[in-house]
Amino acid sequence: SQTIHQWPATLVQPVGSPLSLECTVEGTSNPNLYWYRQAAGRGLQLLFYSVGIGQISSEVPQNLSASRPQDRQFILSSKKLLLSDSGFYLCALAGVGTGELFFGEGSRLTVL
Amino acid sequence: DAKTTQPPSMDCAEGRAANLPCNHSTISGNEYVYWYRQIHSQGPQYIIHGLKNNETNEMASLIITEDRKSSTLILPHATLRDTAVYYCIVRAYFGNEKLTFGTGTRLTIIP
Numbered sequence: 001s002q003t004i005h006q007w008p009a010t011l012v013q014p015v016g017s018p019l020s021l022e023c024t025v026e027g028t029s030n031p032n033l034y035w036y037r038q039a040a041g042r043g044l045q046l047l048f049y050s051v052g053i054g055q056i057s058s059e060v061p062q063n064l065s066a067s068r069p070q071d072r073q074f075i076l077s078s079k080k081l082l083l084s085d086s087g088f089y090l091c092a093l094a095g096v097g098t099g100e101l102f103f104g105e106g107s108r109l110t111v112l
Numbered sequence: 001d002a003k004t005t006q007p008p009s010m011d012c013a014e015g016r017a018a019n020l021p022c023n024h025s026t027i028s029g030n031e032y033v034y035w036y037r038q039i040h041s042q043g044p045q046y047i048i049h050g051l052k053n054n055e056t057n058e059m060a061s062l063i064i065t066e067d068r069k070s071s072t073l074i075l076p077h078a079t080l081r082d083t084a085v086y087y088c089i090v091r092a093y094f095g096n097e098k099l100t101f102g103t104g105t106r107l108t109i110i111p
């Protein structure tokens, strides 16, 4: 079965500090991977999606970036965090042949 | 932009059927309708999906109109644990496209 691991689960960072959130998947090959952000009380905002190694599509102009160095690894980064980067970050995969989206447990980021 | 529109909030009495509507008037022929729900501070959970026929599983039923431009998720006997935000999305079964969620419907089950 397909599983998604995200870490860290919780993170508190000062403004201007760097960020790295990692997502790894198991039980599937060549999945489409997604990073979503959910601000407090808001819906899911698509940030990045990737259909393969090194292939990243950005949906929202921002100070965040994403990379996919391996088939089953998706990383969300920032060089300098802003207060507005606070939120709940979710990694998801769309398994080819299933049509279903699987979500990780999320990483909650608080920027102070 | 999300391809679906949903009411922002709904209330339902415990034990009654909760009917959550979704409009997807621009749905393509190869796109399925998927429903997810998100309980506070957790990742979204898959509920059900369908193409054109009505579907039922242990969690819910999905009713899709004949023109496929709208659908309704039915929770037959709502419990307090069904309080969550419910998202309706459309996607192709083998799609490589980006997947955008709307704002969903916040369903509150009232004791």
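Those protein sequences? They're chains Z and F, same order as listed. Each residue of the first sequence is one higher than the one before, starting from 1 at the first, in the numbering used here. Each residue of the second sequence is one higher than the one before, starting from 1 at the first, in the numbering used here. The beta-carbon is built from N, C-alpha and C at its ideal position, and this holds for glycine as well.
Proximity below 9 Å, CB of residue i to CB of residue j
i: glutamine 6 of chain Z; j: cysteine 91 of chain Z; result: yes
i: arginine 37 of chain F; j: histidine 77 of chain F; result: no
i: leucine 76 of chain Z; j: glutamate 59 of chain Z; result: no
i: leucine 112 of chain Z; j: threonine 28 of chain Z; result: no
i: alanine 9 of chain Z; j: glycine 106 of chain Z; result: yes
i: cysteine 88 of chain F; j: cysteine 12 of chain F; result: no
i: serine 57 of chain Z; j: serine 78 of chain Z; result: no
i: glutamate 22 of chain Z; j: glutamine 62 of chain Z; result: no
i: serine 28 of chain F; j: serine 70 of chain F; result: no
i: leucine 20 of chain F; j: tryptophan 35 of chain F; result: yes
i: threonine 103 of chain F; j: lysine 3 of chain F; result: no
i: threonine 105 of chain F; j: proline 7 of chain F; result: yes
i: threonine 110 of chain Z; j: glutamine 13 of chain Z; result: yes
i: leucine 107 of chain F; j: serine 41 of chain F; result: no
i: proline 68 of chain Z; j: leucine 101 of chain Z; result: Reading off the sequence shown, one finds arginine at residue 68 of chain Z, where the question assumed proline. Contact: no.
Whole-number beta carbon distance between residue j and residue i, since they are thought to touch under 8 Å
i: glycine 43 of chain F; j: glycine 43 of chain Z; result: Not really, about 14 Å apart at Cβ, beyond 8 Å.
i: isoleucine 109 of chain F; j: leucine 62 of chain F; result: About 19 Å; that fails the 8 Å criterion.
i: leucine 82 of chain Z; j: serine 17 of chain Z; result: Not quite, the Cβ-Cβ distance comes to about 11 Å (not below 8 Å), so this is no contact.
i: asparagine 54 of chain F; j: isoleucine 64 of chain F; result: 6 Å
i: aspartate 71 of chain Z; j: asparagine 30 of chain Z; result: 6 Å
Coarse secondary structure for residue i, derived from DSSP in three states
i: leucine 80 of chain F; result: helix
i: leucine 21 of chain Z; result: strand
i: aspartate 85 of chain Z; result: helix
i: valine 60 of chain Z; result: coil
i: valine 15 of chain Z; result: coil
i: isoleucine 53 of chain Z; result: coil
i: methionine 59 of chain F; result: coil
i: threonine 3 of chain Z; result: strand
i: glutamine 38 of chain Z; result: strand
i: glutamate 26 of chain Z; result: strand
i: proline 69 of chain Z; result: strand
i: isoleucine 75 of chain Z; result: strand
i: asparagine 32 of chain Z; result: strand
i: alanine 9 of chain Z; result: coil
i: threonine 65 of chain F; result: coil
i: threonine 4 of chain F; result: coil
Partner residues on chain F for residue i, Cβ-Cβ distance less than 7 Å
i: phenylalanine 103 of chain Z; result: Gly43 and Pro44
i: leucine 76 of chain Z; result: By Cβ distance, chain F contributes nothing, its closest Cβ being about 15 Å from leucine 76 of chain Z, past 7 Å.
i: leucine 90 of chain Z; result: Gly43
Contact set between residue i and chain Z, taken where Cβ atoms lie within less than 7 Å
i: threonine 103 of chain F; result: Gly43
Chain A within 9 Å of residue i, Cβ atoms only
i: glutamate 100 of chain Z; result: Absent from the structure: chain A. Protein chains present are Z and F.
Contact list for residue i against chain F, beta-carbon separation under 9 Å
i: glycine 106 of chain Z; result: Ser41, Gln42 and Gly43
i: leucine 46 of chain Z; result: Lys98, Leu99, Thr100 and Phe101
Residue i: first and last residue of the uninterrupted beta strand (DSSP E) it sits in
i: threonine 31 of chain F; result: A quick correction: the sequence has glutamate, not threonine, at residue 31 of chain F. Start and end: 31-38.
i: glycine 50 of chain F; result: 45-50
i: tyrosine 9 of chain F; result: Correcting the residue identity first, residue 9 of chain F is serine in this sequence and not tyrosine. Unbroken beta strand (DSSP E) run through serine 9 of chain F: 9-13.
i: isoleucine 109 of chain F; result: 105-110
i: serine 72 of chain F; result: The question names serine, but residue 72 of chain F is threonine in the sequence shown. Per DSSP, threonine 72 of chain F belongs to the beta strand (DSSP E) from 70-75.
i: leucine 44 of chain Z; result: Here leucine 44 of chain Z belongs to no beta strand (DSSP E), and DSSP marks it neither H nor E.
i: threonine 110 of chain Z; result: 107-111
i: aspartate 21 of chain F; result: Checking the sequence shown, residue 21 of chain F turns out to be proline, not aspartate. From DSSP, the beta strand (DSSP E) with proline 21 of chain F extends over 18-23.
i: phenylalanine 101 of chain F; result: Unbroken run through phenylalanine 101 of chain F: none, as it is neither H nor E.
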